[in-house]
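Before any comments, here is the structure.
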Amino acid sequence: MAFKTAFSSLSLPNSTTFLFSSSSSSNIRRLKPISLPSRFFFNFQSERIVLTPKKLVVMKPCAVRIEEKNSNVAGSEGGEWEKVSAVLFDMDGVLCNSEEASRRAAVDVFAEIGVYVTVDDFVPFTGTGEANFLGGVASVKGVKGFDTEAAKKRFFEIYLDKYAKPDSGIGFPGAFELISQCKNKGLKVAVASSADRIKVDANLAAAALPLSMFDVIVTADAFENLKPAPDIFLAASSFLNVPPSECIVIEDALAGVQAAKAAQMRCIAVRTTLTDEVLESAGPTLIRDDIGNVSLDDILSGGSVGYNKSMQGLETLNNSSQSSSTVLLGKTDDEDGKSTGGTDGGIFSIEGLQGSRRDILRFGSLGIAISCLVFTLSNWKAMQYASPKAVWNLFFGVTKPSLEEKEGNSRYDRIQQFVNYITDLESRGNAQIVPEFPPKLDWLNTAPLQFGRDLKGKVVLLDFWTYCCINCMHVLPDLDFLEKKYKDMPFVVVGVHSAKFDNEKDSEAIRNAVLRYGISHPVVNDGDMYLWRQLGINSWPTFAIIGPNGKLLAQLAGEGRKKDLDDFVEAALLFYGKQNMLDNTPITLNLEKDNDPRLLTSPLKFPGKLAVDVLNNRLFISDSNHNRIVVTDLDGNFVVQIGSSGEEGLQDGSFDDATFNRPQGLAYNPKKNILYVADTENHALREIDFVDEKVRTLAGNGTKGSDYIGGGKGDTQLLNSPWDVCFHPIEEKVYIAMAGQHQIWEHNILDGSTRTFSGDGYERNLNGSSSTSTSFAQPSGLSLSRDLAEIYVADSESSSIRALNLKTGGSRLLAGGDPIFSDNLFKFGDQDGIGSEVLFQHPLGVVCAKDGEIYITDSYNHKIKKFDPTSKSVSTIAGTGTAGFKDGTAVTAQLSEPSGIVEGNNGRLFIADTNNSLIRYLDLNNDEYALSTLELKDFQPPKPKLRSLKRLRRRTSADTETINIDAISSNEGNLSIEISLPNEYHFSKVLTILLSFKHLL
């Protein structure tokens, strides 16, 4: 299932050392790295370790030892206030006023199982983690068979839905200000909580404290021993690379103060939960009313009223009270298959941390997938797309039926299976009510909609998409199919645009995308991703099916869901139709395509790519949304068009008869006078022969493929959204940017075969030494180097420019992207510079000029940039960074999502200014560059062919009766039609009869 995830995978910084050992070198496997601070190093002893999204499975006896270098946790020896480098904040009761809410949620959990408790029953277990928090009370109350994990799950459901709404104001006054003051002073800040990560994220969101404020977030998920054990605090100290003696803890719970003391850290206690008498029993350094009364002076110098020196000069704890220095990572199976504890192997050793790691599921899944602290720090932009609900969905799954198709079952059986699922969901009464769309959002194709008003009584399909995403483009035909099939039924598709890139948050940019992709259903710009977070979405595209009562019925992620969606929608209509809950009142549409005079008058419509024939003074333009290729001279005079009807289709033949479907990339072969075309939405490679004026298909047949190897010929070799092409004159090969499956392919002109050249098909920014160790992320622009040894690649989703070696198939980074975390596709922006310090935003085009300079269309920054191969520097040469249309000096001129770029003659760069539907040219002859618009002369938008009556008759629907009348010769006459019905039949009161007359001369 293809999709684009918002949570990037994780890997280690370069400074981390791996030590592998195995019984034989042939058994060494390259492992997916786990992120931990660089001050640890690993020693793996294993034949095989498999990481899955939910757990880490040790397949054979495996030991992992993590040893800390230069560890010294000795306390202060003097009475003076020592240096402070980091502040560790507890969450509940310190940052968030959530203790009472947590207790109320816990009371609700016990009420559901028929056990009466009060909020006061939970006070003794505060700060010890949810398992102890719930399990401790269950033990006191004598609850038999209490399932702690099930109770935790229900606790989080109640807490998130009822008590921890985003921005609900549970933050203590002064928390945000104190954290900001600490950071401004150069102190590192961390959250160190005994709560699970899902609750921490929810509380911070509810308190309006962004995750990006904290250098580290350490939660209970990875620890067996929680507070009052010091493990969590010591882990935070290690992750921050700050000695415990330089850490200040701010706590409210007795267990937390005790944990700080055990970690040999100074502690400021706050009275939000306990009295002074109780707190003083644990010996905090200072006591304040709440976090709003903690000052920066308290942290840096112990405050103006003195401090408890009993916390200073702590001696190293003896072995009876100190955390064990070696703890069990997990169990392994011995040769007899018996589960054994780790001895010399199977050890997880971090000095100062205690407890068994039996529950490696929590550390493996949450630590790797969400909570990796190093990754969070380095990839804060990617983590903005996470939400507590998404974390919840990661662990416990999303609401959806089984999609397994049983052998021998008919479509009716499957639909009935979905009906049974909906029946069960409704009977349980716990389906999530989808929140209303926030007010003041921008809507396209319709006026603002509401679930409780316009969409009430309708089955609604929400499509969470972002317009840069190739997978989101792939599902548009599926949505079009559903809209047409259920056109006259109470079914509505709503596109919820949830932007990845900053540029995609702009409503005008989304409007252009709606026009470009021909979207005719309602679209809402949810720029702040409110609905995304509320439903826990974590990838594009994701579909959410909503019932006529506003309940979430199912979530499905990824493309290729046409059949699943079709069957489920039909099941929903059947079920709710029988319940008389449907309302067939249509939604009023006001399509954007009917309100854009620019597109009605422009001869071009979202032109994508360009090619040039300098010798013959020709410019080739892929007029993408007119489904044609236009040829002009270099002054803009019309020469010829290929695909004159402008209709979508895949038809070879003459220039007039040939059809395309949103073609993009172009490459010219001067030896044969042939133009190669990446016919993107036909998933085909085409050629235009200017000698015999014919169009031929070289590969693909209109069907989107999923072949990652290739080797076939002609229409038997399926392609996947080819976006650009370049021609190698010596090898006589056409290289293809296969955006749909993140690879570079090659077409051999001599034998007609088409196969993969580089890229393993994983969407990431990985530069390897060979084709199989290299990965791309929606490559969208190609240009051959001057020495013909490399291809420069605009790797759009990683926002980088890369060089592909044509001998090895490996690649190297030129500029942009994340050079360390290959799965981080969120390192984007607008910054000139050198190498990886450069920030692009979804570049779509690249061209290597005659002088070796590389020019780039930085599409979502609306700029043209130049890469200097000598200095390795990138500089902006045109565009202001704001979308618009303006000619003039390059630094003041404006473009709107430029895509294709080629070099003409006389120092000109031609640019496909896509959203302006214009061709621009950049004059490089003077010291001050100038951007101008190419005047396109003597051609118009394509004119659709007139359809024959015969063709119309063939398209007559099955419920239409054609009546032939004998020909008569008359200028006037009356036609009488008598319609009769069989016995026991009658006309419906809402019957509409349409009579169509055609006068044939």
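Note that the UniProt record's numbering has the sequence shown beginning at 1, numbered continuously upward. Cβ coordinates follow ideal geometry from the N, Cα and C atoms, glycine included.
Using three-state DSSP, classify Y421 as helix, strand or coil.
Position 421 of the sequence shown, counted from the first residue, corresponds to residue 421. Assigned with DSSP and collapsed to three states, Y421 falls in helix.
Beta-carbon proximity list for E483, same chain, < 7 Å, skipping 5 on both sides:
Your numbering for residue 483 matches position 483 in the sequence shown. For E483, same chain residues with a beta-carbon under 7 Å away, outside a window of 5 residues either side, are V493 and H521 in chain order.
Leaving aside the five residues before and after I877 along the sequence, list all residues of the same chain whose C-beta is less than 7 Å from its C-beta, in chain order.
Working through the sequence shown from its first residue, we reach residue 877 at position 877. Listed in chain order, the non-local C-beta contacts of I877 below 7 Å within the same chain comprise I864, K865, K866, A890 and Y929, local neighbours out to five positions each way being set aside.
I'd like to confirm the pairing. Which residues does DSSP put opposite G809 in its beta bridges?
Your numbering for residue 809 matches position 809 in the sequence shown. Paired residues: S770.
What's the gap between the Cα of I108 and the Cα of F133?
Here the question's residue 108 lines up with position 108 in the sequence shown. Here the question's residue 133 lines up with position 133 in the sequence shown. First, the amino acid is wrong: residue 108 is Asp here, not Ile. Between the alpha carbons of D108 and F133 lies a distance of about 14 Å.
Where S237 falls, given that 16 or more other Cβ within 10 Å makes a residue buried:
On the sequence shown, position 237 is the one that residue 237 refers to. So S237 ends up on the buried side.
Run of the beta strand (DSSP E) containing W723, from where it starts to where it stops:
For the purposes of this step, residue 723 is taken as the residue at position 723 of the sequence shown. W723 -> beta strand (DSSP E) spans P722 to H728.
So what does DSSP say about K945, is it helix, strand or coil?
If you number the sequence shown from 1, residue 945 lands on position 945. The answer is coil: DSSP assigns K945 none of H, G, I, E or B.
CA-CA distance, G810 and T774?
Residue 810 sits at position 810 when you count from the first residue of the sequence shown. Residue 774 sits at position 774 when you count from the first residue of the sequence shown. Taking the straight line from one Cα to the other gives about 6 Å.
If we count Cβ pairs, one from each stretch, closer than 8 Å, do we get three or more for the segment 792 to 807 versus the segment 763 to 780?
Under the Cβ criterion (8 Å, minimum of three pairs), the segment 792 to 807 counts as touching the segment 763 to 780.
Cα-Cα separation, R39 to S194
Taking the first residue of the sequence shown as position 1, residue 39 is located at position 39. Taking the first residue of the sequence shown as position 1, residue 194 is located at position 194. Bear in mind that the predicted position of R39 carries a pLDDT of just 30, short of 50, making it unreliable; the figure below should be weighed with that in mind. In this structure, the CA atom of R39 is about 24 Å from the CA atom of S194.
As assigned by DSSP and simplified to three states, the class of S822:
Taking the first residue of the sequence shown as position 1, residue 822 is located at position 822. Coil at S822, not helix or strand.
Answer yes or no: the CB of F481 versus the heavy atoms of the ligand ZN, is any distance below 7 Å?
Although the ligand ZN was asked about, the structure shown includes no ligands whatsoever.
Minimum C-alpha distance to K562 - residue among A131, N673 and L461
In the sequence shown, residue 562 corresponds to position 562, counting from 1. Looking at the Cα atoms, L461 is the closest of the given residues.
Close Cβ partners of D215 (< 7 Å) along its chain, the five nearest in sequence each way excluded:
The residue given as residue 215 occupies position 215 in the sequence shown. Closer than 7 Å at the Cβ level, and outside the excluded window around D215, lie K188, V189, A190, L240 and L377.
Contained alpha helix (DSSP H) runs [length at least 4] in the segment 141 to 219, N- to C-terminal order:
Counting only runs of at least 4 residues, the segment 141 to 219 fully encloses the following alpha helix (DSSP H) elements, listed from N- to C-terminal order: 148 to 158, 175 to 184 and 197 to 206.
Leaving out five residues before and five after N625 in sequence, what residues of the same chain have Cβ atoms less than 7 Å from its Cβ?
Here residue 625 refers to the residue found at position 625 when the sequence shown is read from its first residue. Excluding sequence positions up to five before and after N625, its CB lies within less than 7 Å of the CB of R516, K605, F606 and R662, all in the same chain and listed in chain order.
Look at the alpha carbon of C726 and the alpha carbon of R511, and state the distance between them as a whole number of angstroms.
For the purposes of this step, residue 726 is taken as the residue at position 726 of the sequence shown. For the purposes of this step, residue 511 is taken as the residue at position 511 of the sequence shown. About 31 Å.
C-alpha distance - residue 1002 paired with N203, whole-angstrom precision
With the chain covering only 1 through 1001, there is no way to say anything about residue 1002.
Quick one: give me the first and last residue of the beta strand (DSSP E) that D858 is part of.
Within the sequence shown, the letter at position 858 stands for residue 858. Following the DSSP letters along the chain, one finds D858 inside the beta strand (DSSP E) bounded by residues I854 to D858.
Starting from N748, trace the beta strand (DSSP E) both ways and give me its first and last residue.
Looking up residue 748 in the sequence shown gives position 748. Element bounds for N748: Q743 to N748.
Would you report the Cα separation of S644 and G904, rounded to the nearest angstrom?
Residue numbering aside, residue 644 sits at position 644 when the sequence shown is read from its first letter. Residue numbering aside, residue 904 sits at position 904 when the sequence shown is read from its first letter. Put simply, the backbone Cα of S644 is about 26 Å away from that of G904.
Using only CA atoms, which one of G550, D692, L479 and G900 lies nearest to K609?
Within the sequence shown, the letter at position 609 stands for residue 609. Out of G550, D692, L479 and G900, G900 has the C-alpha closest to the C-alpha of K609.
Assuming F172 and I299 make a contact with CB atoms under 8 Å, what is their CB distance in whole Å?
Taking the sequence shown and counting its residues from 1, one reaches residue 172 at position 172. Taking the sequence shown and counting its residues from 1, one reaches residue 299 at position 299. About 16 Å separates the Cβ atoms of F172 and I299, ruling out a contact at the 8 Å cut-off.
Whose C-beta lies closer than 7 Å to the C-beta of K950 among residues of the same chain, with five residues either side of it excluded?
As a first step, residue 950 is located in the sequence shown; it is residue number 950 there, counting from the start. Low confidence applies to K950: its pLDDT is 43, below 50, so where it sits in the model is not reliable enough to give any reading.
Rounded to whole angstroms, how far is the Cβ of I919 from the Cβ of V846, which I believe are closer than 8 Å?
Here residue 919 refers to the residue found at position 919 when the sequence shown is read from its first residue. Here residue 846 refers to the residue found at position 846 when the sequence shown is read from its first residue. Contact flag wrong, Cβ pair sits at about 18 Å.
Which of helix, strand or coil does DSSP assign to W532?
The residue given as residue 532 occupies position 532 in the sequence shown. Residue state for W532 is assigned as helix, using DSSP reduced to three classes.
If you run the structure through DSSP and keep just helix, strand and coil, what is L573?
Position 573 of the sequence shown, counted from the start, is the residue given in the question as residue 573. It is helical.
Report the rounded CA-to-CA distance for L95 versus Y421, giving the unit in angstroms.
Translated into positions along the sequence shown, residue 95 becomes position 95. Translated into positions along the sequence shown, residue 421 becomes position 421. Straight-line spacing of the CA atoms in L95 and Y421 works out to 42 Å.
If you follow the beta strand (DSSP E) that H497 is in, where does it begin and where does it stop?
Position 497 of the sequence shown, counting from 1, holds the residue named residue 497. Counting along the chain, the unbroken beta strand (DSSP E) around H497 starts and ends at F491 to H497.
Using only alpha-carbon positions, find the residue among G881, E436 and L936 that is nearest to V640.
Along the sequence shown, one-based indexing puts residue 640 at 640. Out of G881, E436 and L936, L936 has the C-alpha closest to the C-alpha of V640.
Helix, strand or coil at N471 according to DSSP, with G and I counted as helix
The count along the sequence shown starts at 1 and reaches residue 471 at position 471. If DSSP states are grouped into helix, strand and coil, N471 belongs with the helices.
When you compare only the Cα positions, how much space is there between K733 and S917?
For the purposes of this step, residue 733 is identified with residue 733 of the sequence shown, where counting begins at 1. For the purposes of this step, residue 917 is identified with residue 917 of the sequence shown, where counting begins at 1. In a straight line, the C-alpha of K733 is about 31 Å away from that of S917.
Residue span of the alpha helix (DSSP H) that contains V257, given as start and end:
Counting from one through the sequence shown, the residue named residue 257 turns up at place 257. Its alpha helix (DSSP H) spans residues L254 to A262.
Every unbroken beta strand (DSSP E) inside the segment 648 to 724 [3 residues or more]
Listed in chain order, they are 666 to 669, 674 to 679, 684 to 689, 694 to 699 and 710 to 713.
In the DSSP assignment, find the alpha helix (DSSP H) that holds F620 and state where it starts and stops.
One-based indexing of the sequence shown puts residue 620 at position 620. No alpha helix (DSSP H) holds F620; the beta strand (DSSP E) holding it covers R618 to D623.
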